[in-house]
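Novice:
Protein chains in written order, with my numbering: chain G, 1 to 404; chain P, 1001 to 1388.
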C-alpha cells in the first residue's frame, strides 16, 4: 500500500495569516501530521470560520491552547519536545516569550527542526519591522517593477510573496529533514520573507550591480528579451461594462516562426506583410502599430475560440482567465479534478473546497484532503496521540484553562 | 567547511524556464546538480540581461542567477542520448520538462536505474485538450488566473515583472524532489512526480478562488470575481499611496486603533472618532474612511521618513523601493545576503538563499563556463571518456 511521502512526521504549527499556513498546508498535503495551534482569542482571518483561514488550513489537526496560560505554555512545550518540526511566522521573539525558544526546545529535543519565517529575519537593522505581503512587495522591488511605465502604485494583484514564503518554508523544512538523516541532529532555520521577495528580482539586481542598469516596469513586455507582439488584447465585450467581465487574450510571439504563424492565422492582412516586421527588431520598433491592429482584429471575437485557433496555428496564446473561468471553463482543471469540494461539510459554514496539491506522485499519491477543523476540534486526539495523555490529564488541562 | 543540507544528493538538471528555479534551490542547498548542455550551449544562456564586460564574451546574468551552483557538462555531438542516459543512471533525481528527447531518455532509464526519482514539469500536465499548448510566462499566467488579477481599472491586465509564474512551479519542483527523496530513502523505490505549471500558478492566487467558493460567506458586492484594482488588497485595507516624493504601501492593519491614535496625534482623524466605527457592523465604513484620510495625509509626507516612523510604531507600511535601493539595502547587507562570486571571470555579488540554516549553511559557488566540469563529472560516474 502506498503512503504519502511525509507520513509519520510530526509538525507543531504556530503559523498564522497566509505565509506560514500555506507552507504547512503543503506539508499536510504530503502526509505530515500537522497540529495547528490556535486560540479562541484569535479572530479575523485567523478564525477557523473565516474563508481565508479555510483556504490555507486543510489537512491539519486543530489544537486550541491559551498561550497566556502557564499550563497552556507547558502543553505547547511538551508537544514541541515530541515534534519533528516546530514552525512559526511570528515576528522575531514571540515563541521565546512563550518559553518555546529554540534553545529551550532543543535541550530536550535535539532532533527538532525549528523554522522561523519572520518578515525580515532575526538580525539586521530591519529585523523588528512588521510586514505583510504588500509590505514585502513594496520594499523588495516587486511593486515598483510590476505595472505600466510611469506608475509605481500598481504592483502584484495578490499576496504572491506570502505564498512563496510558505513554499520556501516548506523547502527549508524538507532540506533540514534531509540533513538530519545525515547528521542525526536537528537545527534552526531563520527564514526572511524579505529575502524570499528580493530573490524574485535576482536578474534585475544583477543587471544593476553588473551594468548599472535599473529596471523599470514595462507592462506586458519582456524587460530583457526580445519578443513581439507580446501583450494582452481585448476580445468581444461581455454583457456588462464591469471590469470583472472584460475578456482579454494574451499573445506571446517568442520567435519569428510564431509571428509567421500569427500572420497566417489572421489571414495575412496587408499591414502584417510589411517586410520590416519579419524580424523581431522590426516588430519591436512597430510594436504600437502591431498591438493596435491585433486589438482591432480581436475586438469582436470570442476569446476561447481565438485561443484555440491560434494555438492550433502554432502561436502561444491564452485567455486571461478569472476565478470563475478557472472553476467553470478550464478543461485541464476539470480533467485533473484539480478543484474539489470536500466530503465533510464544515459546521456553520457548510461545504468547503480545495485546490489539490499540484504534485502528482505515481507511487505515493497525495489524494487525501480533510476539511479545516473547528477551534479545538482535535484537542483530545492530539494530546493522546502526541503526549499519551489520559482522560484525567486532559480533564485537568481543561480545568486549568490550558485548552480553550 | 560545513556542507549544505542536501549535500550528497545527485541531481540531473534537464529543466527549461518552467522548472530551472527548482534546480537552483536544490543546488544552492548543497545538492550536486549537473546541468548538461548541447554542444552549441544551453539555450537559456541567451536569456537577458547580459554582462558585456564578462569574459569570454557576454555572460547571461539570467543564467548566472538561475543556474547557480551547477556543474556544467557539455554533451558530445552525436552521442547526446547515450551520455544523458549514463548521467541519469548515476543520479538520484532527474528534473525534466516534458519533451520528446526526455521521453526517449526515460524509456531507456527505467530499467537501468529503477530507483531514480523523476520530477517532470509540463505546462498543463501530461494530458488534456491544452496539453500541447505553448505557454511562455505571459500565457501561463493568463490562463492560470494571475494576469486577470494584476493591473488597474485603467490599464490592461498585467503580467508580473520577471519570471514569477515559473518561479512558483520551480519551488514546487524542489518540494517534490526533496519530499520524494525522503520517501525513497524509506522505500528504496523511485517514482515519477508530474507537475503542472498551470496548477502551480493557480494555487498561489490568494483571494481568487476564495471569492469564487465563498462569496456567500464573504457577502462582498463584487460577488464571485474581484476585478483587478491596482495595489488595493482584497480587504481594502492595504494600498499604495503617493507621498510628496514617492510611493508607499499604507495599511491601518492589523491594529486600527493604533493607527487612529496616530492620526489623532497628527490632528487629521476627521470623523473616525465617532463611536459607531468601533462597532463590527461599521467595519467596512471605517476601513473606507480611514483609507480616504490616509490618502490625503500621506500625500504631503516624505515617504522614506514615513516608512521608518511607521515601522517604529509597529505599523507594517512598505516603502516602494526601486531596484537600485534594493541593491544597496542595509538589511540585506547586514545578513550577508549578497555573496561575492566569480561570474564569467569577474567578481559579482550574487543574491543568496532566503533561509539561514544554523548547522548546514548554504554556500554560493563560482559560476563556471560551459563544460567546465565535464571531465570531473565523467570521472565521478566512472566513465573515462565518451570514446571508451
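We treat Cβ as the ideally placed atom computed from N, Cα and C, and that holds for glycine.
#1: Assuming residue 1118 of chain P is part of the beta strand (DSSP E), what are its boundary residues?
#2: Using a threshold of 8 Å, state whether the C-beta atoms of residue 1018 of chain P and residue 1096 of chain P are closer than that.
#3: Using a Cβ-Cβ cut-off of 6 Å (strictly less than) and excluding sequence neighbours within five positions of residue 1162 of chain P, which residues of its own chain qualify?
#4: Give the residues of chain P in contact with residue 419 of chain G, contact being defined as C-beta atoms less than 8 Å apart.
#5: For residue 390 of chain G, count neighbouring Cβ atoms within 10 angstroms of its own Cβ and tell me buried if that reaches 16, exposed if not.
#6: Candidates P:1039, P:1040, P:1062, P:1371: which alpha carbon is nearest residue 1048 of chain P's?
#7: Given that residue 353 of chain G touches chain P, what residues does it touch there, using C-beta distances under 7 Å?
#8: Could you tell me how far apart the beta carbons of residue 1145 of chain P and residue 335 of chain G are, in whole angstroms, since I believe they sit closer than 8 Å?
#9: Give the DSSP bridge partners of residue 1296 of chain P, in chain order.
#10: Put residue 245 of chain G into one of helix, strand or coil per three-state DSSP.
#11: Which residues in the same chain have their Cβ closer than 6 Å to the Cβ of residue 1362 of chain P, if we skip the five residues on either side of it in sequence?
#12: Quick one: which chain P residues come within Cβ less than 7 Å of residue 168 of chain G?
#13: How is residue 1042 of chain P classed by DSSP in three states: helix, strand or coil?
#14: Name the DSSP beta bridge partners of residue 360 of chain G, please?
#15: Where residue 1128 of chain P and residue 161 of chain G are concerned, what is the direct C-alpha to C-alpha distance, given to the nearest angstrom?
#16: Are residue 1357 of chain P and residue 189 of chain G touching if we call contact CB-CB under 8 Å?
#17: Give me the subset of the segment 314-335 of chain G whose CB atoms are less than 7 Å from a CB atom of chain P, sorted by chain position.
#18: Which class does residue 1233 of chain P belong to by DSSP, given the choice of helix, strand or coil?
#19: Assuming residue 1197 of chain P and residue 1140 of chain P form a contact by the criterion Cβ under 8 Å, report the distance between their Cβ atoms to the nearest whole angstrom.
#20: Please identify the residue among G:76, G:124, G:235 whose C-alpha is closest to the C-alpha of residue 302 of chain G.
#21: Could you check what DSSP says for residue 33 of chain G in three-state terms: helix, strand or coil?
#22: Below 8 Å on the Cβ atoms is my contact criterion, and I expect residue 1138 of chain P with residue 220 of chain G to pass it. Report the Cβ-Cβ distance as a whole number of Å.
#23: So, does the CB of residue 1269 of chain P fall closer than 8 Å to a CB anywhere in chain G?
#24: Can you give the beta carbon distance from residue 217 of chain G to residue 137 of chain G, rounded, assuming they're within the 8 Å contact cut?
#25: Beta-carbon within less than 7 Å of residue 45 of chain G's beta-carbon, same chain only, minus the 5 sequence neighbours each way: which residues are those?
#26: Go to residue 1242 of chain P, then tell me how far its beta strand (DSSP E) extends in each direction, as first and last residue.
#27: Quick one, are the C-beta atoms of residue 1326 of chain P and residue 150 of chain G less than 8 Å apart?
#28: What in chain G is Cβ-close to residue 1230 of chain P, meaning under 7 Å?
#29: Helix, strand or coil, according to DSSP, for residue 1059 of chain P in the structure here?
#30: Can residue 1295 of chain P and residue 1249 of chain P be called in contact, C-beta distance under 8 Å?
#31: So is residue 235 of chain G in contact with chain P if we call contact Cβ pairs under 8 Å?
#32: Residue range of the alpha helix (DSSP H) that residue 331 of chain G falls in?
#33: Residues of chain P with a CB under 9 Å from the CB of residue 259 of chain G: which are they?
#34: Is residue 6 of chain G near residue 27 of chain G, with beta carbons less than 8 Å apart?
#35: Assign residue 1283 of chain P to buried or exposed, taking buried as 16 or more other Cβ atoms, counted over all protein chains shown, within 10 Å of its Cβ.
#36: Below 8 Å between beta carbons: does that hold for residue 88 of chain G and residue 194 of chain G?
Specialist: The structure says:
#1: First-last of the beta strand (DSSP E) with residue 1118 of chain P: 1117-1122.
#2: No, the Cβ-Cβ distance between residue 1018 of chain P and residue 1096 of chain P is not below 8 Å.
#3: Contacts found: none.
#4: Nothing about residue 419 of chain G can be reported from this structure: the residues present for chain G run from 1 to 404 only.
#5: Answer is exposed; the Cβ neighbour count stays below 16.
#6: Answer by Cα proximity: P:1062.
#7: Going along chain P in sequence order, the residues near residue 353 of chain G (Cβ under 7 Å) are 1213.
#8: Contact between residue 1145 of chain P and residue 335 of chain G is absent: CB atoms are separated by about 17 Å, not below the 8 Å threshold.
#9: Residue 1296 of chain P is not bridged to any residue.
#10: Judged by DSSP in its simplified three-state form, residue 245 of chain G adopts helix.
#11: Around residue 1362 of chain P: 1004, 1028, 1029, 1353.
#12: Within chain P, the residues near residue 168 of chain G are 1171, 1354, 1355.
#13: DSSP places residue 1042 of chain P in coil when its eight states are reduced to three.
#14: In the DSSP secondary-structure assignment, residue 360 of chain G is bridged to P:1194.
#15: The alpha-carbon separation between residue 1128 of chain P and residue 161 of chain G amounts to approximately 30 Å.
#16: Yes. Within cutoff.
#17: Answer set for the segment 314-335 of chain G: 316, 317, 318, 319, 320, 321, 322, 323, 324, 326, 327, 331, 332, 335.
#18: Residue 1233 of chain P falls in the coil class under three-state DSSP.
#19: Between residue 1197 of chain P and residue 1140 of chain P the beta-carbon gap is near 6 Å, inside 8 Å, which marks them as a contact.
#20: Ranking the options by Cα distance to residue 302 of chain G, first place goes to G:235.
#21: Strand, per DSSP.
#22: Between residue 220 of chain G and residue 1138 of chain P the Cβ distance is about 6 Å, and since that is below 8 Å, they are a contact.
#23: Not one chain G Cβ lies under 8 Å of residue 1269 of chain P.
#24: About 13 Å; that fails the 8 Å criterion.
#25: Once the five neighbours on either side are set aside, the close Cβ partners of residue 45 of chain G are 17, 52, 53.
#26: Per DSSP, the unbroken beta strand (DSSP E) holding residue 1242 of chain P starts and ends at 1239-1243.
#27: Result no, Cβ atoms of residue 1326 of chain P and residue 150 of chain G do not sit closer than 8 Å.
#28: The contacting residues are 153, 154.
#29: DSSP places residue 1059 of chain P in strand when its eight states are reduced to three.
#30: A distance of 8 Å or more separates the beta carbons of residue 1295 of chain P and residue 1249 of chain P.
#31: No, residue 235 of chain G does not count as interfacial toward chain P.
#32: Here the alpha helix (DSSP H) through residue 331 of chain G covers 331-336.
#33: Ordered by position in chain P, no residue passes the 9 Å Cβ test against residue 259 of chain G, which lies about 13 Å from the chain.
#34: Contact: yes.
#35: Exposed: under 16 other Cβ atoms inside 10 Å.
#36: No. Outside cutoff.
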